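This report concerns only the one structure given below.
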Amino acid sequence: MLQTGEAPSGSDGFVKRLLVEHALVDEAAIRRAMEAREGRPEMGLVDALLNLGLVDEKRLLAALGAILGLEVVETLPVDEVDLDLLRGLPITYAKQTYALPLRRDGDTVVVALANPLNFTALDDLRVLLKARVKPVLAPRDTVFEGINRAYDKMTGMEATAGEVFSDEEDLEGLSREIEESTRDLLDMTDEAPIIRLVNSILAQAVKERVSDIHIEPFEKTLSVRFRKDGILREVLRPPKRFQASIASRVKIMGNLNIAEKRLPQDGRIRRVVAGKEIDVRLSTVPTTFGERLVLRILDRSATLLQLPELGLTGDMLDVMEDLITRPHGIILVTGPTGSGKTTTLYAALSRINTPDKNILTIEDPVEYQITGIGQMQVNPKIDFTFASGLRSILRQDPDVILIGEIRDLETAEIAVQASLTGHLVFSTLHTNDAASAFTRLVDMGVEPFLIASSVLAMIAQRLVRVVCRECRVPYTPSPTELHSLGLERVGPGDTFYRAGPGCPACLNTGYAGRQAIYEMLVVNDTIRDLVMARAESNIIKKRAVQLGMKTLRQDGVVKVRRGITTAEEVMRVTQGDVEEAGG
């Protein structure tokens, strides 16, 4: 069992030997990590390896737990944290070391740690907490989120965006001269009330992993709503008279013209929230009762998901692996806005991203930075569009090209020509299902014989919420429900769940995260002939199903039977999928 005060002499050397001897990393990874931390003595070797993605965190924690005799946990009991312990540990230090004191156990304090090999931090904790320290291992994101929630609870800040208005007299003399800051928004507690309110809304949204913030004016009210896992819910109703001040503050953060209230505007906000670097895409539109603002939150520190984590399993995963390793052709991912198309394409690029491939992208905007890939962002103001950028990309000798979206005939034709001249092209389209993508391209003006010659596959997708594993409730579905899913009976090994009452793990929603369901239409000779004959999308889809294609609903049913999501979720996102779902 690891105890504080037992740091071996030459800690770096000990850590290196431990990692290499247990085959967690190789010498090359150690060298890269050592180079990355040059000039940053506060960064540990393990932290450098994790930051560079040179070691799998789950595997690392499991191995260190076994080697050092420490418990490894996936979630932390934040609601049970002894808040008195936090008063002796500054939040900045807790975040830097990924350490969260949980409880006293006799003369020992149990501390959640992400890196048990940071021996300096272990000794510091012993001094700061004035007790022996017993580590419990947890992933860095879990510890970081736990720190924010626990310290918020201690200071009475948790979920208190509305409490900024507890003394409305503070707002009467509000000045619009606002000074920009790069400090962590959670550390700003001494600013003017409107600034604190906006900071609080952003911080709360980031902690809850919200994708969008809607600030909506109505005749007599102002509403703030969060979209999480595709579902909108109202979180706050500030007084109507502060509408202009809130809009001005958000627009200043996005470098927009606060005097222009008649025209739509788009901007971008970059901030550090809860220790995470966040990109926010800001959109404003004028409405009858004032400006309506929508903030799309992109977590730049978020790690890219791998294909199996997205929801691709079994035969579909094998087909996807085959498609993305083809030398040329077009792979189109279709679905409505917010259905995870870009995330799927990023996962595919990450899978084939090797030093022997030249991968270039043109996007609007660049949502995640991927090391080893050249990424460009369109800028219509200087006539740098998808089409013009794509022409430039083709002069850069690419092997693989990602086009953020095919919006017009010019872009579509250049993409087709690129695929026919030996390039693998990824892109997205806005259609309801895979088969409709063919007719969408024809409607744009692309010749059917070019589509048939260049397209490898059309992949439609939707996102379903994953039922919380901590509070989900098993049940037996009714015959009516089974029929709606295209099933005759519950099969052996099937377990159906409905969302539970909610718990801390899912923030009392009953769901925790999302996963994709897919409809993968691979082009073969039969489909090619139908496209050439300008067949309607429903005919193409029907033939593809006969040839073995799983529809969105069928893939959703597979995930219901595995206990990943609920029947209600699948029915909600596949209402237009009328094919039989059985199997």
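Residue numbers (my numbering): 2 to 584.
Every residue, glycine too, gets a C-beta built ideally from N, C-alpha and C.
Keep in mind it's a predicted model, so treat the numbers as computed, not measured.
Sub-7 Å separation of residue i and residue j beta-carbons
i      : j      : result
VAL281 : ILE298 : yes
LEU522 : ALA506 : no
ILE402 : VAL426 : yes
ALA461 : ALA500 : no
VAL574 : LEU486 : no
SER479 : ILE331 : no
TYR476 : PHE497 : yes
ALA100 : VAL112 : yes
LEU46  : ALA139 : no
ILE452 : VAL532 : yes
SER246 : ILE196 : no
LEU55  : ALA95  : no
SER437 : SER538 : yes
ARG352 : PRO449 : no
ARG470 : ILE518 : no
VAL26  : LEU19  : no
GLU292 : ALA248 : yes
ALA34  : LEU50  : yes
VAL74  : VAL144 : no
Buried or exposed (CB count within 10 angstroms, at least 16 for buried), residue i
i      : result
LEU346 : buried
LYS131 : exposed
GLU22  : exposed
GLU570 : buried
ARG490 : exposed
GLN370 : exposed
ILE383 : exposed
GLN555 : buried
HIS484 : exposed
LYS59  : exposed
GLN576 : exposed
ASN149 : buried
THR362 : buried
THR190 : Caution applies to THR190, whose pLDDT of 39 falls short of 50 and renders its modelled position unreliable; the value that the coordinates give is listed next. THR190 should be labelled exposed.
LYS221 : exposed
GLU36  : exposed
SER167 : Low local confidence applies: a pLDDT of 42 at SER167 is under 50, so the model's placement there is unreliable, with the coordinate-based value given in what follows. Exposed, since its Cβ has fewer than 16 Cβ neighbours within 10 Å.
ARG242 : exposed
ASN116 : buried
THR440 : buried
GLU181 : Here GLU181 scores only 39 on pLDDT, less than 50, and its place in the model should not be relied on; the value that follows carries that caveat. Label assigned to GLU181: exposed.
VAL128 : exposed
Anticipated Cβ contact below 8 Å, residue i with residue j, distance rounded
i      : j      : result
ARG515 : ARG466 : 5 Å
SER212 : ARG234 : At roughly 12 Å, the Cβ-Cβ gap does not stay under 8 Å, so SER212 and ARG234 are not in contact.
ARG269 : GLY255 : 6 Å
VAL379 : ASP365 : 5 Å
ILE407 : LEU430 : 6 Å
ALA151 : LEU87  : 6 Å
GLN244 : LEU223 : 5 Å
THR567 : VAL468 : 5 Å
THR98  : ASN119 : 6 Å
Proximity winner among the options, relative to residue i (alpha-carbon distances)
i      : options                           : result
ASP357 : ASP398, LYS277 and VAL571         : ASP398
VAL274 : LYS208, GLY231 and VAL447         : LYS208
ILE540 : THR386, ILE528 and PRO478         : ILE528
LEU391 : GLN266, GLU36, VAL474 and ALA413  : ALA413
ASN433 : LYS542, VAL474, THR362 and LYS221 : LYS542
THR386 : GLN205, GLU411, THR440 and ALA204 : GLU411
ASP267 : VAL251, LYS277 and ILE279         : VAL251
SER284 : PRO265, GLU448, PHE290 and LYS277 : PRO265
PRO240 : LEU257, ASP230, GLU217 and ALA536 : GLU217
SER340 : GLY312, ILE363, GLU322 and LEU548 : GLY312
GLY70  : LYS135, VAL474 and ASP125         : LYS135
GLY373 : SER389, ALA388 and LEU350         : LEU350
THR344 : ALA416, SER428 and SER249         : SER428
THR326 : ALA458, ALA64 and ILE565          : ALA458
ARG226 : LEU90, ILE202 and LEU62           : ILE202
GLY492 : THR440, GLY564 and GLN244         : GLY564
ILE253 : ILE360, ASP48, ARG271 and VAL128  : ARG271
PRO328 : LEU421, GLY503, VAL73 and ARG242  : LEU421
PHE219 : PRO287, GLU261, ILE232 and LYS154 : PRO287
GLY549 : MET317, ILE68 and CYS472          : MET317
ASP142 : LEU296, ASP300, PHE290 and ASN200 : ASP300
GLU482 : VAL417, VAL561, THR552 and ASN354 : VAL561
GLY1   : ASP526, ILE360 and VAL128         : Because residue 1 is not part of the residues shown, which for the chain are 2 to 584, the question remains open.
LYS1   : VAL128, LEU308 and ASN354         : Any property of residue 1 remains undetermined from this structure, which presents the chain solely from 2 to 584.
Contact with chain B by residue i, beta-carbon distance below 7 Å
i      : result
GLU569 : In the displayed structure, chain B is absent; only one protein chain is listed.
**Request:** Take every Cβ of the segment 77-93, pair it with every Cβ of the segment 101-111, and state whether three or more of those distances are shorter than 8 Å.
**Result:** yes
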